[in-house]
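Student:
Number of protein chains: 2
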Amino acid sequence: MFLSKLDSLKEASSKIEQHQKIMSSEVVSLGEAHKRVLAEGIKSFHDSPPFDKSAMDGFAVRAEDTFGASKSAPKTFKIVDSIGAGVASNKTIGPNEAIVIATGSPIPEGANAVIMKEYTETVGDEVILSSQVTPGENVSPKAEDIKKGSVILSPKTFIRYQELGLIASAGYSEVEVYKKPRVKIIITGNELVDPTKEELGPAQIINSNQYSISAMVHDSGAVAEVGRAHDTFDEVKEAILKATEEYDVVITTGGTAISKGDVVLDVIDEIGDMLLHGVSIRPGKAFGCGVVNDTMVFAFSGQPVAAMGQFDMFARRYLFRMQGRDFEFDIVKKESELKIPSQLGRTDFIRTYSDESHARHILNRGSGVIRSMVDANSYIIIDENDEGYQKGDMVDVVFFDSMIW
Amino acid sequence: MFLSKLDSLKEASSKIEQHQKIMSSEVVSLGEAHKRVLAEGIKSFHDSPPFDKSAMDGFAVRAEDTFGASKSAPKTFKIVDSIGAGVASNKTIGPNEAIVIATGSPIPEGANAVIMKEYTETVGDEVILSSQVTPGENVSPKAEDIKKGSVILSPKTFIRYQELGLIASAGYSEVEVYKKPRVKIIITGNELVDPTKEELGPAQIINSNQYSISAMVHDSGAVAEVGRAHDTFDEVKEAILKATEEYDVVITTGGTAISKGDVVLDVIDEIGDMLLHGVSIRPGKAFGCGVVNDTMVFAFSGQPVAAMGQFDMFARRYLFRMQGRDFEFDIVKKESELKIPSQLGRTDFIRTYSDESHARHILNRGSGVIRSMVDANSYIIIDENDEGYQKGDMVDVVFFDSMIW
Numbered sequence: 042m043f044l045s046k047l048d049s050l051k052e053a054s055s056k057i058e059q060h061q062k063i064m065s066s067e068v069v070s071l072g073e074a075h076k077r078v079l080a081e082g083i084k085s086f087h088d089s090p091p092f093d094k095s096a097m098d099g100f101a102v103r104a105e106d107t108f109g110a111s112k113s114a115p116k117t118f119k120i121v122d123s124i125g126a127g128v129a130s131n132k133t134i135g136p137n138e139a140i141v142i143a144t145g146s147p148i149p150e151g152a153n154a155v156i157m158k159e160y161t162e163t164v165g166d167e168v169i170l171s172s173q174v175t176p177g178e179n180v181s182p183k184a185e186d187i188k189k190g191s192v193i194l195s196p197k198t199f200i201r202y203q204e205l206g207l208i209a210s211a212g213y214s215e216v217e218v219y220k221k222p223r224v225k226i227i228i229t230g231n232e233l234v235d236p237t238k239e240e241l242g243p244a245q246i247i248n249s250n251q252y253s254i255s256a257m258v259h260d261s262g263a264v265a266e267v268g269r270a271h272d273t274f275d276e277v278k279e280a281i282l283k284a285t286e287e288y289d290v291v292i293t294t295g296g297t298a299i300s301k302g303d304v305v306l307d308v309i310d311e312i313g314d315m316l317l318h319g320v321s322i323r324p325g326k327a328f329g330c331g332v333v334n335d336t337m338v339f340a341f342s343g344q345p346v347a348a349m350g351q352f353d354m355f356a357r358r359y360l361f362r363m364q365g366r367d368f369e370f371d372i373v374k375k376e377s378e379l380k381i382p383s384q385l386g387r388t389d390f391i392r393t394y395s396d397e398s399h400a401r402h403i404l405n406r407g408s409g410v411i412r413s414m415v416d417a418n419s420y421i422i423i424d425e426n427d428e429g430y431q432k433g434d435m436v437d438v439v440f441f442d443s444m445i446w
Numbered sequence: 042m043f044l045s046k047l048d049s050l051k052e053a054s055s056k057i058e059q060h061q062k063i064m065s066s067e068v069v070s071l072g073e074a075h076k077r078v079l080a081e082g083i084k085s086f087h088d089s090p091p092f093d094k095s096a097m098d099g100f101a102v103r104a105e106d107t108f109g110a111s112k113s114a115p116k117t118f119k120i121v122d123s124i125g126a127g128v129a130s131n132k133t134i135g136p137n138e139a140i141v142i143a144t145g146s147p148i149p150e151g152a153n154a155v156i157m158k159e160y161t162e163t164v165g166d167e168v169i170l171s172s173q174v175t176p177g178e179n180v181s182p183k184a185e186d187i188k189k190g191s192v193i194l195s196p197k198t199f200i201r202y203q204e205l206g207l208i209a210s211a212g213y214s215e216v217e218v219y220k221k222p223r224v225k226i227i228i229t230g231n232e233l234v235d236p237t238k239e240e241l242g243p244a245q246i247i248n249s250n251q252y253s254i255s256a257m258v259h260d261s262g263a264v265a266e267v268g269r270a271h272d273t274f275d276e277v278k279e280a281i282l283k284a285t286e287e288y289d290v291v292i293t294t295g296g297t298a299i300s301k302g303d304v305v306l307d308v309i310d311e312i313g314d315m316l317l318h319g320v321s322i323r324p325g326k327a328f329g330c331g332v333v334n335d336t337m338v339f340a341f342s343g344q345p346v347a348a349m350g351q352f353d354m355f356a357r358r359y360l361f362r363m364q365g366r367d368f369e370f371d372i373v374k375k376e377s378e379l380k381i382p383s384q385l386g387r388t389d390f391i392r393t394y395s396d397e398s399h400a401r402h403i404l405n406r407g408s409g410v411i412r413s414m415v416d417a418n419s420y421i422i423i424d425e426n427d428e429g430y431q432k433g434d435m436v437d438v439v440f441f442d443s444m445i446w
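Chains as they are written, first to last, in the working numbering: chain A, 42 to 446; chain B, 42 to 446.
1. For the segment 225-241 of chain B, which residues have a CB atom closer than 7 Å to at least one CB atom of chain A, in sequence order?
2. Sorted by chain position, which residues of the same chain lie with C-beta nearer than 8 Å to G230/A's C-beta, five sequence neighbours on each side aside?
3. Assess contact between the segment 90-107 of chain B and the segment 160-171 of chain B, defined as three or more Cβ pairs (one per stretch) separated by less than 8 Å. Is contact present?
4. Once the 5 residues before and after I378/B are set aside, which same chain residues still bring their CB inside 6 Å of it?
5. Inspect the beta-carbon positions of S65/B and K220/B and report whether they are closer than 8 Å.
6. Let me know the secondary structure DSSP gives G268/A once reduced to three states.
7. Listed in chain order, which residues of the segment 185-205 of chain A have Cβ atoms closer than 8 Å to some Cβ of chain B?
8. Could you tell me the alpha carbon to alpha carbon distance between S130/B and R103/B, rounded to whole angstroms?
9. Return the chain-ordered ranges of every beta strand (DSSP E) run that is complete within the segment 247-330 of chain B and spans a minimum of 3 residues.
10. Helix, strand or coil for D367/A, going by three-state DSSP, please let me know.
11. So does the segment 230-244 of chain B actually touch the segment 322-340 of chain B, counting three or more Cβ pairs closer than 8 Å?
12. According to DSSP, simplified to helix, strand and coil, what is G151/A?
13. Along the chain, where does the beta strand (DSSP E) that runs through T161/A open and close?
14. Run through the segment 97-154 of chain B for me and flag every whole alpha helix (DSSP H) of 4 or more residues, listed as ranges in chain order.
15. Does any C-beta atom of chain A lie closer than 8 Å to the C-beta of R366/B?
16. Report yes if the CB atom of I193/A is closer than 8 Å to the CB atom of S85/A, and no otherwise.
17. Starting from the Cα of E232/A, find the closest Cα among P147/B, D303/B, G151/B and give me that residue.
18. For S419/B, tell me which candidate among V410/B, I403/B, G429/B, Q431/B has the shortest Cα-Cα distance.
19. Looking only at its own chain, which residues have a Cβ that is under 8 Å from the Cβ of I372/A, when we skip the five neighbours before and after it?
20. For T175/B, count neighbouring Cβ atoms within 10 angstroms of its own Cβ and tell me buried if that reaches 16, exposed if not.
21. If you draw a straight line from the alpha carbon of E185/B to that of M444/A, how long is it in whole angstroms?
22. Quick one: does Y252/A have its CB under 8 Å from some CB of chain B?
23. First and last residue of the beta strand (DSSP E) that includes L50/A?
24. Please go through the same chain and pick out, in chain order, the residues whose beta-carbon is closer than 7 Å to the beta-carbon of D424/B, but skip the five residues on each side of it.
25. Could you check which residue in K374/A, A110/A, A139/A, D106/A has the C-alpha nearest to that of D122/A?
26. Residues of chain A with CB closer than 9 Å to the CB of M349/B, please, in chain order.
27. Skipping 5 residues on each side, what residues in its chain have a beta carbon closer than 8 Å to that of M42/A?
28. Restricting to Cα atoms, I'd like to know which of M349/A, T198/A, S181/A is closest to V346/B.
29. Over what stretch of residues does the alpha helix (DSSP H) that includes A348/A continue unbroken?
30. Under 8 Å between the Cβ atoms of E215/B and V68/B?
31. According to DSSP, is V415/A part of a helix, a strand, or is it coil?
32. Considering only their Cβ atoms, is the gap separating L306/A from T198/A smaller than 8 Å?
33. Name the chain A residues whose beta carbon is nearer than 8 Å to that of R412/B?
34. Have a look at K46/B and F328/B and give me their C-alpha separation to the nearest angstrom.
35. From L385/A to M414/B, what does the alpha carbon distance come to, in whole angstroms?
36. I need the DSSP call for E81/A, collapsed to helix, strand or coil.
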């Protein structure tokens, strides 16, 4: 199929989308819920704050009694109680009475404002106010943040540090989230060796994909484990079969270069359903995928940069969506500093260094050249309907950072 | 000191910077080096690729012999060898000879180009070419990516997935990185209880800071552990002393509201050097910090949103720099959808929802209102020299995502 017609990026994405799977959920303690995705809605069990709360250290008073107080015309109040954090007063404040109050403590009965300590001077059991306060001043009203019983977060919410705080305030010590997909990365390629400082044998190449693709899986909220297989049909078949039984997603690298003659794609075709092979994108044309044992198998190129691009185009979105999170490229417009040729009918993802206003693509674009990815912080994306851009044209840019889980 | 004069954001930052500490380094396996920071320079032990490498599956040939070949005028070559991945041929190619070659294999002696399988047809031991190739076509030249002996990454480089691939290619299976700071978070406040769905006692508040601040520490590349202390001088003193002996940074929450009368600041003042107390920022004015046992102690407000803001203003940068990484706000300009009042002499960090072009700040800005942080994805920053903005003004925006490790 690679030879007859390449899928467009859109066609390929749509085929994959039809086989999108969603992870089941699990309950984790709140301390482990950071950067997970809610699989349940969060309803608050409490008002927050649970009572009218002092927002300052100072004196709880009746605001009306302070009206007119100033540096030149201070007013004197009687201190009738003193409450620290975590304590409520059982006194009720009367006219010209004050209660010492700490930040976070409940406003006592009768009071409706807090005057900050800065504007007071304590003399024995009296306090002298050199400023007035308005009703409600320095008071965080009950339920200002959250109303008891209200739904405060919906399912599929991504839990940042602030959602974590909100969920805690609502009363949850544990929470239901989507499970993290477990991804098996199968590295094929007889020529590959682990990193070594020793001289390499003839034809040997260091296997860098195991590190970079694992890290990309991690950057997609998932968990990666790496295995190896030699380029024989039986070894690759056994590795893929076993992986599809034990993992949620399988990624292979290598052996996708040209046609169904390649071992990896032959295996997928024999033991599962091939979805596609060959996509009209650059880099990354030599991409295939299929479903084996009801499990998505992404077959990436062995070329490092092509594999990274294929991850960004296909696997990242799939892994995000498995966890209930959508993923679209966050495209921003930049002015291209260079001319960029492209080809109608092909989508290009061009390694680029972009700053606040400009994009300058990296000129050395060999699909094996990792250096070009290191020098880049973004892609310029050239749609299949565009033939490229002139210097000075506004182009579509996606920052790598914006794709991170 | 809080009462007499507040530090400006700049003054406070500068005081903290003077006590910036840098973590020592450690050697970790490459599989654990993702999102760490290099403490050594990386010099390549290999050329990459280590030889002239085929970028395609096809036939290695002498480009000159193919000149003129086309669909209508195909040329026939003799196949003299066949090499798979990880294998080198010991044959030398002569005129009109071809060697079957796999992606990644070394170009055989005599050959200078690869013709893709697509443009060929094999008949017995001959191959018919329906296209010509230019010298170097489909060949990734030796050392194209990395030159043996060259320095390819400098110390303090942040290791993304692509740097990980490059370091592997250079021959490293382990790498020297800055240690992760270990941060002890001490939650003070007698009124605080762990999240519960049961009715709260009078004056009790759920402790959400332990979760959100831990997550922020994690978002700064560091490791967090949480402890509790009651609001007594001795208990806080013991907790801080112990933490400064065992951890790289200490963060407290609570007890910073107004003056040195607060327990946390009193403790820091007694057992260490207070650097500052009270900063002219909003939210987060009630911030203090000091050095105890040669260890930075950040004293945050107990108010959740104030504590988050204080983290972003002070602790985040400190933790990044400890690990060899600089941190500056990545400011972008957006059009404000609302009028924003501010005060000369105070720096405001206003919770905001920003999209591609506009910023709309959240109106409910109480410093305890976590909801406002949940609704926000960015801050509008109003410099101390500005008195606020009118609707339609361009304002400085920092996205939360841009601050993540």
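We put the beta carbon where it would ideally sit given N, CA and C, even for glycine. Please read all numbers here as calculations on a predicted model, not as lab measurements.
Tutor: Put simply:
1. G230, N231, E232, D235, P236, T237, K238, L241
2. Within the first sequence, the letter at position 189 stands for residue 230/A. Excluding positions up to five away in sequence, the list reads I246, N248, D272, T294, G295, G296, G343.
3. yes
4. As a position in the second sequence, residue 378/B is number 337, starting the count at 1. Correcting the residue identity first, residue 378/B is Glu in this sequence and not Ile. Here the set comprises H399, R401.
5. Against the second sequence, residue 65/B aligns to sequence position 24. Against the second sequence, residue 220/B aligns to sequence position 179. For S65/B and K220/B, yes; Cβs fall inside 8 Å.
6. The count along the first sequence starts at 1 and reaches residue 268/A at position 227. Strand.
7. E185, D186, I187, I193, L194, R201, Y202, Q203, E204, L205
8. Residue numbering aside, residue 130/B sits at position 89 when the second sequence is read from its first letter. Residue numbering aside, residue 103/B sits at position 62 when the second sequence is read from its first letter. Using only the alpha carbons, I get a separation of about 15 Å.
9. 264-270, 290-294, 314-318
10. Working through the first sequence from its first residue, we reach residue 367/A at position 326. D367/A falls in the coil class under three-state DSSP.
11. no
12. For the purposes of this step, residue 151/A is taken as residue 110 along the first sequence, with counting starting at 1. Residue state, collapsed to three classes: coil.
13. By one-based count along the first sequence, residue 161/A stands at place 120. Residues 161-164.
14. 104-107
15. The residue you call residue 366/B lines up with position 325 of the second sequence. No, its Cβ sits nowhere closer than 8 Å to a Cβ of chain A.
16. The residue labelled residue 193/A in the question sits at position 152 within the first sequence. The residue labelled residue 85/A in the question sits at position 44 within the first sequence. Closer than 8 Å, so yes.
17. Taking the first residue of the first sequence as 1, we reach residue 232/A at position 191. The shortest Cα separation from E232/A among P147/B, D303/B, G151/B belongs to P147/B.
18. Indexing the second sequence from 1 puts residue 419/B at position 378. Of V410/B, I403/B, G429/B, Q431/B, the residue nearest in Cα terms is I403/B.
19. Counting from one through the first sequence, the residue named residue 372/A turns up at place 331. I422, D437, V438, V439.
20. Taking the second sequence and counting its residues from 1, the one referred to as residue 175/B is at position 134. Flag for T175/B reads exposed.
21. As a position in the second sequence, residue 185/B is number 144, starting the count at 1. As a position in the first sequence, residue 444/A is number 403, starting the count at 1. C-alpha separation (whole angstroms): 28 Å.
22. Position 211 of the first sequence, counting from 1, holds the residue named residue 252/A. Yes, because at least one Cβ of chain B sits closer than 8 Å to the Cβ of Y252/A.
23. Working through the first sequence from its first residue, we reach residue 50/A at position 9. Premise fails: L50/A lies in the alpha helix (DSSP H), 50-58, not in any beta strand (DSSP E).
24. If you number the second sequence from 1, residue 424/B lands on position 383. So the list reads T388, once near-sequence residues are dropped.
25. The count along the first sequence starts at 1 and reaches residue 122/A at position 81. The shortest Cα separation from D122/A among K374/A, A110/A, A139/A, D106/A belongs to A139/A.
26. The sequence position of residue 349/B within the second sequence is 308, counting from 1. What M349/B touches in chain A: Y202, Q203, G206.
27. Residue 42/A sits at position 1 when you count from the first residue of the first sequence. Reliability of the predicted coordinates at M42/A is poor, the pLDDT of 45 falling under 50, and no value is obtained from them.
28. Counting from one through the second sequence, the residue named residue 346/B turns up at place 305. Checked all of M349/A, T198/A, S181/A; the closest Cα to V346/B is S181/A.
29. Within the first sequence, residue 348/A is the residue found at index 307, counting from 1. Counting along the chain, the alpha helix (DSSP H) containing A348/A begins and ends at 345-351.
30. Residue numbering aside, residue 215/B sits at position 174 when the second sequence is read from its first letter. Residue numbering aside, residue 68/B sits at position 27 when the second sequence is read from its first letter. Yes, the Cβ-Cβ distance between E215/B and V68/B is below 8 Å.
31. Along the first sequence, read from residue 1 onward, the residue named residue 415/A stands at position 374. Three-state result, V415/A: helix.
32. Along the first sequence, one-based indexing puts residue 198/A at 157. Along the first sequence, one-based indexing puts residue 306/A at 265. For T198/A and L306/A, no; Cβs fall outside 8 Å.
33. The residue given as residue 412/B occupies position 371 in the second sequence. Residues of chain A passing the Cβ test: D186, I187, I193, L207.
34. As a first step, residue 46/B is located in the second sequence; it is residue number 5 there, counting from the start. As a first step, residue 328/B is located in the second sequence; it is residue number 287 there, counting from the start. Approximately 13 Å, taken between the alpha carbons.
35. On the first sequence, position 344 is the one that residue 385/A refers to. On the second sequence, position 373 is the one that residue 414/B refers to. When rounded, the distance between both Cα atoms is 45 Å.
36. Position 40 of the first sequence, counted from the start, is the residue given in the question as residue 81/A. Note: E81/A maps to coil in three-state DSSP.
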